[in-house]
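**Q** Plus 1264 on top of the position in the sequence shown (first one is 1) and you've got this note's numbering. For glycine and all other residues, C-beta sits at the position ideal for the given N, C-alpha and C.
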Amino acid sequence: MDTLQPIILKLKEFALTPWFNIANTPINLLRVAGLVLIMLIVWRLGSIIERTLSRIGSDHENKTGPGWYALSRISRYTTWIIGLFVGLNYLGFNTATLTVIGGAIGVGVGFGLQNIISNFVCGIIILIEKIIKVDDFVDLQSGVMGKVTEINLRYTRVTTTDLIDIIVPNSEFITGRVVNWTLGERLRRMHIPFGVAYGSDKQLVKEAAIAAALSISDTDNGKGREPDAWLVKFGDSSLDFELVVWVGPDLIATPGRTHARYLWAIEDELKKRGLEIPFPQRDLHIRSGTLAVSLSK
1265 MDTLQPIILK
1275 LKEFALTPWF
1285 NIANTPINLL
1295 RVAGLVLIML
1305 IVWRLGSIIE
1315 RTLSRIGSDH
1325 ENKTGPGWYA
1335 LSRISRYTTW
1345 IIGLFVGLNY
1355 LGFNTATLTV
1365 IGGAIGVGVG
1375 FGLQNIISNF
1385 VCGIIILIEK
1395 IIKVDDFVDL
1405 QSGVMGKVTE
1415 INLRYTRVTT
1425 TDLIDIIVPN
1435 SEFITGRVVN
1445 WTLGERLRRM
1455 HIPFGVAYGS
1465 DKQLVKEAAI
1475 AAALSISDTD
1485 NGKGREPDAW
1495 LVKFGDSSLD
1505 FELVVWVGPD
1515 LIATPGRTHA
1525 RYLWAIEDEL
1535 KKRGLEIPFP
1545 QRDLHIRSGT
1555 LAVSLSK
């Protein structure tokens, strides 16, 4: 025990030896270790609060409602901010020191942190206004299309139909054009174009298109939302129709696959009824007089 006492005294002296002072507070190894401990506790506490609120707001499918999701995220970030101030106070930062730091941050923003601050503010706006929610299907001006799977303060994660995760800066949702397919309504109307040969029975075409639509699960057939077929154009080689159909969330989330499924079903139903899908045709008319002149040359 006597041999350990000098070592303990040396370690204590090393831990309490000040490196520098902040205002009147000496900064040493022990105080830095205390700061790290505070940050770890605050980080863990923020995560616990977020999970607890998400669990409270989850439904029978373990999906968190948009309001509870926003509340859980904001609560976590608020806890972190409070912990940051507690840690700074523990290190001895006073109001005057924080003012200096704020000025330094302002200079930093002027030199290159504008985008970070902008995305941070936009993230708060998204979470509070709930214009974009988890599980929404969005189409961005940049060409990104997919399901929103995570919303953070700096970025939003969008997962495409090919299961590719794309990290989108939050500012793009505020400053750019955003098509949210599922913002206020979980059903959407899709237009599936197709063509049949001239001379086809239009009533049979409509019957085939509606039968094709009803053969696809998650096709809505409620009052006022029944599938329909519209004749929209007289094409060069075909009568051009559109299958107009209301679809649910599962089909909305995979528009390319949904479009292909409806076309597949339409082709099957047209074939059952003997209706022909046209191909481009050109009629060549030869006048005898012109041909005679050509031959004479």
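1. So, under 8 Å CB-CB, residue 1530 and residue 1461 are touching, yes? Tell me the CB distance rounded to an integer number of Å.
2. Should the stretch 1416-1423 be regarded as contacting the stretch 1483-1496, the criterion being three or more beta carbon pairs within less than 8 Å?
3. Give the single residue among 1350, 1511, 1399 whose Cα lies nearest to the Cα of residue 1304.
4. Quick check: the stretch 1333-1353 against the stretch 1389-1396, are at least 3 beta-carbon pairs closer than 8 Å?
5. Is it a yes or a no for the stretch 1515-1529 touching the stretch 1488-1502, going by three-plus beta-carbon pairs under 8 Å?
6. With a threshold of 6 Å on Cβ separation, who are the neighbours of residue 1515 within its own chain once the five nearest residues in sequence on each side are excluded?
7. Mind checking whether residue 1469 and residue 1539 have CB atoms under 8 Å apart?
8. Out of curiosity, what's the CA-to-CA distance linking residue 1504 and residue 1332?
9. For residue 1495, which three-state DSSP category applies?
10. Under 8 Å, do residue 1347 and residue 1425 count as touching if we go by C-beta distance?
11. Which of helix, strand or coil does DSSP assign to residue 1483?
12. Could you check which residue in 1475, 1352, 1412, 1440 has the C-alpha nearest to that of residue 1507?
13. Kindly indicate which three-state DSSP category residue 1543 falls into: helix, strand or coil?
14. Starting from residue 1419, follow the alpha helix (DSSP H) in both directions and report where the run begins and ends.
15. Can you check DSSP and say which residues form a bridge with residue 1454?
16. DSSP puts residue 1403 in a beta bridge; with which residues?
17. Run through the DSSP bridge pairs and tell me what residue 1433 is partnered with.
18. Note down the Cα distance separating residue 1466 from residue 1459, rounded to an integer number of angstroms.
19. Quick one, are the C-beta atoms of residue 1410 and residue 1430 less than 8 Å apart?
20. With burial defined as no fewer than 16 other Cβ atoms inside 10 Å of the residue's Cβ, what is the status of residue 1449: buried or exposed?
21. Hey, quick one: how far does the alpha helix (DSSP H) through residue 1531 stretch, first residue to last?
22. Is the beta carbon of residue 1355 less than 8 Å from the beta carbon of residue 1291?
23. How is residue 1296 classed by DSSP in three states: helix, strand or coil?
24. Here's the rule I'm using: 16 or more other beta-carbon atoms within 10 Å means buried, otherwise exposed. How should residue 1318 be labelled?
25. So, is residue 1283 buried or exposed, given that buried needs 16 or more other C-beta atoms within 10 angstroms?
26. In angstroms with no decimal places, state the Cα-to-Cα distance between residue 1445 and residue 1513.
27. Could you check which residue in 1310, 1453, 1337 has the C-alpha nearest to that of residue 1321?
28. Can you check whether the CB of residue 1456 is closer than 8 Å to the CB of residue 1509?
29. Report back the beta-carbon spacing between residue 1440 and residue 1479 to the nearest angstrom; my notes put them in contact at under 8 Å.
30. Tell whether a beta-carbon distance below 8 Å holds between residue 1398 and residue 1380.
31. Within its chain, find whatever has a CB closer than 6 Å to the CB of residue 1533; leave out the 5 residues flanking it on each side and keep chain order.
32. Which of the three DSSP states, helix, strand or coil, is assigned to residue 1398?
**A** In this structure, then:
1. Counting from one through the sequence shown, the residue named residue 1530 turns up at place 266. Counting from one through the sequence shown, the residue named residue 1461 turns up at place 197. Not a contact, Cβ separation roughly 14 Å.
2. no
3. Start at 1 with the first residue of the sequence shown, and residue 1304 comes out as number 40. The shortest C-alpha to C-alpha distance from residue 1304 to any of 1350, 1511, 1399 is the one to 1350.
4. yes
5. no
6. Here residue 1515 refers to the residue found at position 251 of the sequence shown. Taken in chain order, the residues that qualify are 1482, 1522.
7. Position 205 of the sequence shown, counted from the start, is the residue given in the question as residue 1469. Position 275 of the sequence shown, counted from the start, is the residue given in the question as residue 1539. Yes, they are a contact pair.
8. Translated into positions along the sequence shown, residue 1504 becomes position 240. Translated into positions along the sequence shown, residue 1332 becomes position 68. Taking C-alpha positions only, residue 1504 is separated from residue 1332 by approximately 47 Å.
9. Residue numbering aside, residue 1495 sits at position 231 when the sequence shown is read from its first letter. Strand.
10. Numbered from 1 along the sequence shown, position 83 holds the residue referred to as residue 1347. Numbered from 1 along the sequence shown, position 161 holds the residue referred to as residue 1425. No, these two residues do not count as a Cβ contact at 8 Å.
11. For the purposes of this step, residue 1483 is identified with residue 219 of the sequence shown, where counting begins at 1. Three-state result, residue 1483: strand.
12. The count along the sequence shown starts at 1 and reaches residue 1507 at position 243. Closest option to residue 1507, Cα to Cα, is 1475.
13. Taking the sequence shown and counting its residues from 1, the one referred to as residue 1543 is at position 279. Of the three classes helix, strand and coil, the one that applies to residue 1543 here is coil, per DSSP.
14. Here the question's residue 1419 lines up with position 155 in the sequence shown. Premise fails: residue 1419 lies in the beta strand (DSSP E), 1419-1423, not in any alpha helix (DSSP H).
15. By 1-based counting over the sequence shown, the position of residue 1454 is 190. Paired residues: 1509.
16. Taking the first residue of the sequence shown as position 1, residue 1403 is located at position 139. 1409, 1443, per the DSSP bridge assignment.
17. The residue you call residue 1433 lines up with position 169 of the sequence shown. In the DSSP output, where bridge partners are listed per residue, residue 1433 has 1419.
18. Along the sequence shown, one-based indexing puts residue 1466 at 202. Along the sequence shown, one-based indexing puts residue 1459 at 195. Each residue's alpha carbon lies about 11 Å from the other.
19. Here residue 1410 is taken as the residue at index 146 of the sequence shown, counted from 1. Here residue 1430 is taken as the residue at index 166 of the sequence shown, counted from 1. Cβ atoms of residue 1410 and residue 1430: closer than 8 Å.
20. Working through the sequence shown from its first residue, we reach residue 1449 at position 185. The residue in question, residue 1449, is exposed, as its Cβ has fewer than 16 Cβ neighbours within 10 Å.
21. Along the sequence shown, read from residue 1 onward, the residue named residue 1531 stands at position 267. Residue 1531 -> alpha helix (DSSP H) spans 1519-1536.
22. The residue you call residue 1355 lines up with position 91 of the sequence shown. The residue you call residue 1291 lines up with position 27 of the sequence shown. A contact, by the Cβ cut-off of 8 Å.
23. What you label residue 1296 is simply residue 32 of the sequence shown in a count that begins at 1. Residue 1296: helix per DSSP, three-state reduction.
24. Taking the first residue of the sequence shown as position 1, residue 1318 is located at position 54. So residue 1318 ends up on the buried side.
25. On the sequence shown, residue 1283 is found 19 positions in, with the first residue counted as 1. Exposed, by the Cβ-count rule.
26. Working through the sequence shown from its first residue, we reach residue 1445 at position 181. Working through the sequence shown from its first residue, we reach residue 1513 at position 249. Looking at the two C-alpha atoms, the distance is approximately 9 Å.
27. Here residue 1321 corresponds to residue number 57 of the sequence shown, with the count starting at 1. Checked all of 1310, 1453, 1337; the closest Cα to residue 1321 is 1337.
28. Your numbering for residue 1509 matches position 245 in the sequence shown. Your numbering for residue 1456 matches position 192 in the sequence shown. The answer is yes: Cβ separation under 8 Å.
29. As a position in the sequence shown, residue 1440 is number 176, starting the count at 1. As a position in the sequence shown, residue 1479 is number 215, starting the count at 1. The C-beta distance from residue 1440 to residue 1479 rounds to 38 Å, too long to fall under 8 Å, and the pair is not in contact.
30. Counting from 1 along the sequence shown, the entry for residue 1398 is found at position 134. Counting from 1 along the sequence shown, the entry for residue 1380 is found at position 116. In this structure, residue 1380 does not lie closer than 8 Å to residue 1398 by Cβ.
31. Taking the first residue of the sequence shown as 1, we reach residue 1533 at position 269. 1472, 1475, 1476, listed in sequence order.
32. Residue mapping note: residue 1398 aligns to position 134 of the sequence shown, counting from 1. Coil, per DSSP.
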